[in-house]
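Working notes, structure below.
There are 2 protein chains.
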Amino acid sequence: MPERTPEELVTFPKATISRFPLYFRALTEYNHQNIGLVSSEEMAQKVGVTPSQLRKDLSYFGSLGIRGAGYDVAYLLAKIKEILGMDRQRRLGIIGAGRMGMALAGYSGFKQHGLEVLALFDIDRAKWGPVNEQLTVFPLSELAAQREKLGLEIAVLTVPKAEAQKVAELAVEAGFRALWNFAPVRLEVPPEVIVQYEDIVVGVLTLSHHLARKFGT
Amino acid sequence: MPERTPEELVTFPKATISRFPLYFRALTEYNHQNIGLVSSEEMAQKVGVTPSQLRKDLSYFGSLGIRGAGYDVAYLLAKIKEILGMDRQRRLGIIGAGRMGMALAGYSGFKQHGLEVLALFDIDRAKWGPVNEQLTVFPLSELAAQREKLGLEIAVLTVPKAEAQKVAELAVEAGFRALWNFAPVRLEVPPEVIVQYEDIVVGVLTLSHHLARKFGT
DNA sequence: CTCCTCTTGTGAATAATTTCACAATCTCAA
DNA sequence: TTGAGATTGTGAAATTATTCACAAGAGGAG
Chain A
2 MPERTPEELV
12 TFPKATISRF
22 PLYFRALTEY
32 NHQNIGLVSS
42 EEMAQKVGVT
52 PSQLRKDLSY
62 FGSLGIRGAG
72 YDVAYLLAKI
82 KEILGMDRQR
92 RLGIIGAGRM
102 GMALAGYSGF
112 KQHGLEVLAL
122 FDIDRAKWGP
132 VNEQLTVFPL
142 SELAAQREKL
152 GLEIAVLTVP
162 KAEAQKVAEL
172 AVEAGFRALW
182 NFAPVRLEVP
192 PEVIVQYEDI
202 VVGVLTLSHH
212 LARKFGT
Chain B
2 MPERTPEELV
12 TFPKATISRF
22 PLYFRALTEY
32 NHQNIGLVSS
42 EEMAQKVGVT
52 PSQLRKDLSY
62 FGSLGIRGAG
72 YDVAYLLAKI
82 KEILGMDRQR
92 RLGIIGAGRM
102 GMALAGYSGF
112 KQHGLEVLAL
122 FDIDRAKWGP
132 VNEQLTVFPL
142 SELAAQREKL
152 GLEIAVLTVP
162 KAEAQKVAEL
172 AVEAGFRALW
182 NFAPVRLEVP
192 PEVIVQYEDI
202 VVGVLTLSHH
212 LARKFGT
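In order, the protein sequence lines correspond to chains A and B.
Per my numbering, the first sequence runs over residues 2 to 218.
Per my numbering, the second sequence runs over residues 2 to 218.
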């Protein structure tokens, strides 16, 4: 009696997944332009990778193209959505209604990627209440109740560094299994919880380093 | 007659530089706690890398530690500032005074990294004028003049995708040699111009992928 | 149906990055 | 001054990621 075969057992470079959003957006654009078929050459050029890297990246998830022809835009788009978990809406709750939290809450780019900010949380009672029609700032104590009610899956941590560990623990207690952490600290969480770190200054300091090195200050 | 020897000829992994901001912040903290000496073991633990990776990363820039003792916090901090080009202030101009641009302009974390936002630029005349005591939104046409006057080095592109290429060209014409691009497009620029791409959704889509894969949606 | 052209999919080769393991050498104590 | 204990710095090994190069189809023309 055959077991259900595991979805995918292949391992692939971590960087592969980080290129998928690029592919997704390129394909979205081709779709808008009513282009039905695209070659790895063409698409790779557009996103700035080599054609063989694009093909290799896709190959980890099956034979998604048509030999001799290219990739079917609509089909590949659907596959990539599936791979990135965008085939269903992901609901985010932002903890920390400071400047960073509010900016993220208002970011218009989430929608096209199947992401949705449904609530903010803060300890500061002065911030509690509706932000606009869609969005309310809740007391931090409502984390578990609202997660349940709104179906939140991802907790976004935009709190000061000193608070981050404590808040992460609250989020885990409240049932979150995925944290997107903007605070510049490593978090201690149970192994089943996934943490993604975001460090906004890395990019600009990389630039600064190149300026220093290339132009000697 | 000896030529001036080139500052550094070693090549190192690109990821090395992206770990330096982590080291920088850990060291800053040790400094505040009046810890004068720290081992690679201790510091690596704190930032979440292996001790040998930390030592290797630092070794590309010379022998920065003391065998048998560890790293001198103040000395290493100074060195890392130098490597990241933080030994002098870097001045940023943000092009695109939309939500993202304004959020970055108000980000309080830049200061401790030697970064300073000195101006915003926009085509929309409704946005022109002072934002607060420190900061003004200028017409895009003033890009070159203000870059010169304020000593701006890095242009931050927070404009819509469709505008990004054109705006990049304006920035290059205005004399910028470093672009930090938040628009999800690859930019065509002359080879001497450095572009750093920032893609805010990569992190959260990575989470989404892990959710889909680990918990099967 | 066959041939020719095109482009994918993928093992193998190459390149890049990380980890290992230990010699070098510093500190401190007696 | 010497020896014990600690921790760096770094070639070499191991691992991971990218690129190459070509066989395996797919599609279209005749």
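No residue lacks a Cβ here, since even glycine has one placed at the ideal position from N, Cα and C.
* Taking the CB atoms as reference points, tell me whether Ala213(A) and Gly63(B) lie closer together than 7 Å. => no
* Asked: Short check: CB of Ile39(B) to CB of Gly71(B), under 7 Å?
  -> For clarity, residue 39(B) is Val in the given sequence; the question names Ile instead. Cβ distance < 7 Å, so Val39(B) and Gly71(B) count as in contact.
* Asn1(A) in three-state terms, based on DSSP -> The structure shown does not extend to residue 1(A), since chain A is modelled only from 2 through 218, so no value can be given for it.
* Asked: Tell me which same chain residues have a C-beta within less than 8 Å of the C-beta of Asp125(A), skipping the five on either side of it?
  -> Ala98
* Check whether the segment 177-195 of chain B touches the segment 116-124 of chain B, taking contact to mean three or more Cβ pairs, one atom from each stretch, closer than 8 Å. => no
* Consider the Cβ of Pro22(A): report whether some Cβ of chain B lies at a distance smaller than 7 Å. => yes
* **Contacts of Val11(B) in chain A (Cβ-Cβ under 7 Å)** => Those within 7 Å of Val11(B) in chain A number zero; the least Cβ separation is about 11 Å.
* Looking at the C-beta of His211(A), does it have a partner C-beta in chain B at a distance below 7 Å? -> With 7 Å as the cut-off, His211(A) counts as an interface residue toward chain B.
* 7 Å CB neighbourhood of Gln166(A) in its chain, flanking five on each side removed -> Val186, Leu188, Glu189
* Asked: Buried or exposed: where does Glu199(B) fall if 16 or more other Cβ atoms within 10 Å of its Cβ makes it buried?
  -> buried
* Asked: In terms of DSSP beta bridges, what is Leu1(B) paired with?
  -> Outside the modelled stretch of chain B, which goes from 2 to 218, sits residue 1(B), for which no answer is possible.
* Under 6 Å from any heavy atom of the ligand GTP, does the C-beta of Lys215(A) make it? -> For the ligand GTP, the structure offers nothing, since it holds no ligand at all.
* Do the CB positions of Arg92(A) and Glu117(A) come within less than 7 Å of each other? -> yes
* Asked: For Ala106(A) versus Ile96(A), is the C-beta distance shorter than 7 Å?
  -> No. Outside cutoff.
* **Residue closest to Thr159(A), alpha-carbon to alpha-carbon, out of Pro191(A), Gly217(A), Leu141(A)** => When each option's Cα is compared against that of Thr159(A), the closest is Leu141(A).
* Asked: What residues in the segment 184-212 of chain A have a beta carbon less than 8 Å from any beta carbon of chain B?
  -> Pro185, Arg187, Ile195, Gln197, Tyr198, Glu199, Asp200, Ile201, Val202, Val203, Gly204, Val205, Leu206, Thr207, Leu208, Ser209, His210, His211, Leu212
* To do: Could you name the residues of chain B that Ser40(A) contacts, counting a contact when the two beta carbons are closer than 9 Å?
  => Near Ser40(A) there are no residues of chain B at all, since even the closest Cβ is about 17 Å away, more than 9 Å.
* For Val50(A), which option in Leu23(A), Val11(A), Gly102(A) has the closest C-alpha, if you only look at C-alpha atoms? -> Leu23(A)
* Determine the DSSP secondary structure at Thr137(B), reduced to helix, strand or coil. => strand
* Asked: For Glu117(A), does the three-state DSSP call read helix, strand or coil?
  -> In this structure, Glu117(A) counts as strand in the three-state DSSP scheme.
* To do: Using a Cβ-Cβ cut-off of less than 7 Å, give me the residues of the segment 61-94 of chain A that come near chain B, in sequence order.
  => Ile84, Leu85, Gly86, Met87, Arg89, Arg91
* Shortest alpha-carbon distance to Phe25(A) belongs to which of Tyr61(A), Ala169(A), Ala75(A)? -> Ala75(A)
* Where Gln54(A) sits in the DSSP three-state scheme -> helix
* What number of angstroms, rounded off, separates the C-alpha of Gly130(A) from the C-alpha of His114(A)? -> Between Gly130(A) and His114(A), the C-alpha separation is close to 27 Å.
* Within the 7 Å Cβ cut-off, does Ala175(B) reach chain A? -> So, not an interface residue.
* To do: Look at the alpha carbon of Leu77(B) and the alpha carbon of Ile36(B), and state the distance between them as a whole number of angstroms.
  => 12 Å
* To do: Output yes if chain A places a C-beta closer than 7 Å to the C-beta of Ala104(B); else output no.
  => yes
* To do: Report the three-state DSSP secondary structure of Arg91(A) (helix, strand or coil).
  => strand
* Bridge partners of Val196(A), per DSSP? -> Leu180(A)
* Asked: With a Cβ-Cβ cutoff of 7 Å, do Asp73(A) and Arg20(A) count as a contact?
  -> no
* Asked: Between the C-alpha atoms of Ser53(A) and Ser41(A), what's the straight-line distance to the nearest angstrom?
  -> 8 Å
* Asked: Grouping DSSP H, G and I as helix and E and B as strand, with all else coil, what is Gly63(A)?
  -> If DSSP states are grouped into helix, strand and coil, Gly63(A) belongs with coil.
* Looking only at its own chain, which residues have a Cβ that is under 8 Å from the Cβ of Phe13(A), when we skip the five neighbours before and after it? -> Contacts found: Asp58, Tyr61.
* Would you please verify whether the beta carbon of Ala16(B) is less than 7 Å from any beta carbon of chain A? => Ala16(B) is outside the set of residues whose beta carbon lies under 7 Å from a beta carbon in chain A.
* Where Gly97(A) meets chain B, residues with beta-carbon distance less than 9 Å -> The contacting residues do not exist; Gly97(A) stays about 13 Å from chain B at best.
* Glu154(B) touches chain A at which residues, Cβ-Cβ below 8 Å? -> Leu212
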